[in-house]
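The numbering of the sequence shown is full-length UniProt numbering, which starts it at 1 and goes up by one. Note that CB positions come from ideal geometry on N, CA and C, so glycine has one too. Just so it is clear, the structure is predicted and the values come from calculations on it, not from any experiment. Have a look at the structure below, then the notes.
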Amino acid sequence: MSTANALRQHAEYQFAHELEELKKVDKHPRPANWVLSPWAVVSYLMGDKLDNGFELSAKYIGSRRLMEIAVSTLATDRALLLYGVPGTAKSWVSEHLAAAVSGNSTLLIQGTAGTSEEQLRYGWNYAQLLAHGPSEKALVPSPLMNAMKDGKIARVEELTRIPADVQDSLITVLSEKTLPIPELGSEVQAVRGFSVIATANNRDKGVNELSAALKRRFNTVVLPVPASEDEEVSIVVKRVNEMGRALQLPAEPPALKEVRRIVQIFRELRSGRTLDGKTQLKSPSSSLSTAEAISVINNGMALAGHFGDGVLHPHDVAAGLIGAVVKDPVQDAVVWKEYLDIVVKEREDWKSLYRACKELE
Numbered sequence: 001m002s003t004a005n006a007l008r009q010h011a012e013y014q015f016a017h018e019l020e021e022l023k024k025v026d027k028h029p030r031p032a033n034w035v036l037s038p039w040a041v042v043s044y045l046m047g048d049k050l051d052n053g054f055e056l057s058a059k060y061i062g063s064r065r066l067m068e069i070a071v072s073t074l075a076t077d078r079a080l081l082l083y084g085v086p087g088t089a090k091s092w093v094s095e096h097l098a099a100a101v102s103g104n105s106t107l108l109i110q111g112t113a114g115t116s117e118e119q120l121r122y123g124w125n126y127a128q129l130l131a132h133g134p135s136e137k138a139l140v141p142s143p144l145m146n147a148m149k150d151g152k153i154a155r156v157e158e159l160t161r162i163p164a165d166v167q168d169s170l171i172t173v174l175s176e177k178t179l180p181i182p183e184l185g186s187e188v189q190a191v192r193g194f195s196v197i198a199t200a201n202n203r204d205k206g207v208n209e210l211s212a213a214l215k216r217r218f219n220t221v222v223l224p225v226p227a228s229e230d231e232e233v234s235i236v237v238k239r240v241n242e243m244g245r246a247l248q249l250p251a252e253p254p255a256l257k258e259v260r261r262i263v264q265i266f267r268e269l270r271s272g273r274t275l276d277g278k279t280q281l282k283s284p285s286s287s288l289s290t291a292e293a294i295s296v297i298n299n300g301m302a303l304a305g306h307f308g309d310g311v312l313h314p315h316d317v318a319a320g321l322i323g324a325v326v327k328d329p330v331q332d333a334v335v336w337k338e339y340l341d342i343v344v345k346e347r348e349d350w351k352s353l354y355r356a357c358k359e360l361e
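Structure follows, in structure tokens:
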């Protein structure tokens, strides 16, 4: 399949033009095997206007200092752990960091309860193993091993979902920069430029806690929820427009007031109080992340485009909104009903949304 036909292109392909323009003007010191300098990587992430007038789009909307800390970590011998609640762009930042540093964001290990040590380190082609015994030819390298050989960034998603004993197989790699292969009596030594970016969700705290030894090998950067409503609205607008184009949704991008209304609902339920601070609210069990707000609007655009007039209306948003809030059919349903009756119903310009949501009860 050609890259152009991919439903979602990897960052290094989607933003290839930006990366190429940055290379042309990047005169800053560059660590070994890095595609760009640390300065250029941060400019790529945060967005910038280059001296030649070329404008880089913002990939991360938030604290520039956090991105500087993350990038500088990768220039040292420490691995990077991106930590935060669901929907704070941990995977997104990880992908773009790998794309800008290594030119390759695909050396990825997805952490799950079933992730094995072989998936982190290396496995074997059992047909070759049975026929000829342990050999280089029978070895199946993991993305981590390939990153070590090539001096690239390896990504580990949802590190805390991986069983603790499997997590600890990373310790030697991160501290000694070597991966022993006892079966062959050899090892793979990391080439300059190698590092690991892991992500972890603090909602999973206590599932598979990182050992003290492994924690010491990481520099942790906590990605916060957007600090202000305006910042969160900017993120949602940007991603909705990008995804709408990628998915070719036959609907107009939503009006800013519609986006702001959904973001306000999420922020109020998340914080447990209304925007003016006058009314205390119960919070649902769901995380109500920025990513979910984006999903609610994209779902509404699909409904509006395929089954409506192509314009996002409250009845297009209502189902996705309820689905995002009500994860627990008992507890969350009570929280949502209370919010509808106490807050949404009383806001004059939210009447149509109130009616649309009540129709689905």
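If I'm right that S195 touches L107 with Cβ under 8 Å, what's the distance once you round it to whole angstroms? With a Cβ gap of about 11 Å, S195 and L107 do not count as contacting.
Which of the three DSSP states is assigned to F15 in this structure? In the structure shown, F15 falls within a coil segment according to DSSP collapsed to helix, strand and coil.
Excluding the 5 residues flanking M1 on each side, which residues of the same chain have their C-beta closer than 7 Å to its C-beta? Note on M1: pLDDT 43, under 50, position unreliable in the model; the coordinate value appears next. The answer is none, since no qualifying residue turns up.
For V101, tell me which candidate among W92, E118, L74 has the shortest Cα-Cα distance. L74
When you compare the CB positions of Y83 and T220, do they come within less than 9 Å of one another, or not? yes
First through last residue of the alpha helix (DSSP H) which encompasses V296: V296: member of the alpha helix (DSSP H) spanning 290-307, first to last residue.
Helix, strand or coil at D230 [DSSP, three-state]: helix
Rounded to whole angstroms, what's the CA-CA distance from G300 to R260? Just pull it up for me. About 15 Å.
Keeping to the same chain, check which residues put their C-beta closer than 6 Å to that of S234; ignore five residues upstream and five downstream. I61
Check whether the Cβ atoms of E136 and L184 sit closer than 9 Å, and answer yes or no. In contact: E136 and L184 (Cβ atoms closer than 9 Å).
Compare the Cα-Cα distances from P134 to each of G123, G308, L144, Q14 and report the closest residue. Residue G123 is the option with its Cα nearest to P134.
Exposure label - H306; buried when at least 16 CB within 10 Å: H306 should be labelled exposed.
State the start and end residues of the unbroken beta strand (DSSP E) segment that holds Y126. Counting along the chain, Y126 falls outside any beta strand (DSSP E), though it belongs to the alpha helix (DSSP H) covering 126-132.
Can you tell me whether DSSP reads L269 as helix, strand or coil? helix
DSSP three-state call for D48: helix, strand or coil? strand
Could you name the residues of the same chain whose beta carbon sits closer than 7 Å to that of A319, not counting the 5 residues immediately before and after it, in chain order? L360
Can you give the beta carbon distance from A356 to P314, rounded, assuming they're within the 8 Å contact cut? With 8 Å as the limit, A356 and P314 qualify as a contact, their Cβ atoms being about 4 Å apart.
Member of L275, W92, I297, R155 whose CA lies at the smallest distance from the CA of E229: L275
May I ask you to report which of helix, strand or coil DSSP gives T199? DSSP places T199 in strand when its eight states are reduced to three.
Bridge partners - Y83, DSSP secondary structure assignment: A200, V222
Taking contact to mean 3 or more Cβ pairs, one atom from each stretch, closer than 8 Å, check whether the stretch 290-297 and the stretch 334-351 are in contact. no
Just to check my reading of the structure: A171 and L97 have Cβ atoms closer than 8 Å, yes? What is that Cβ distance to the nearest angstrom? According to the sequence as given, residue 171 is Ile; it is not Ala. Actually they are not in contact, since the Cβ atoms of I171 and L97 sit about 22 Å apart, beyond 8 Å.
Out of A333, A147, T178, which has the shortest C-alpha to C-alpha gap to S285? Comparing Cα positions, the closest option is A333.
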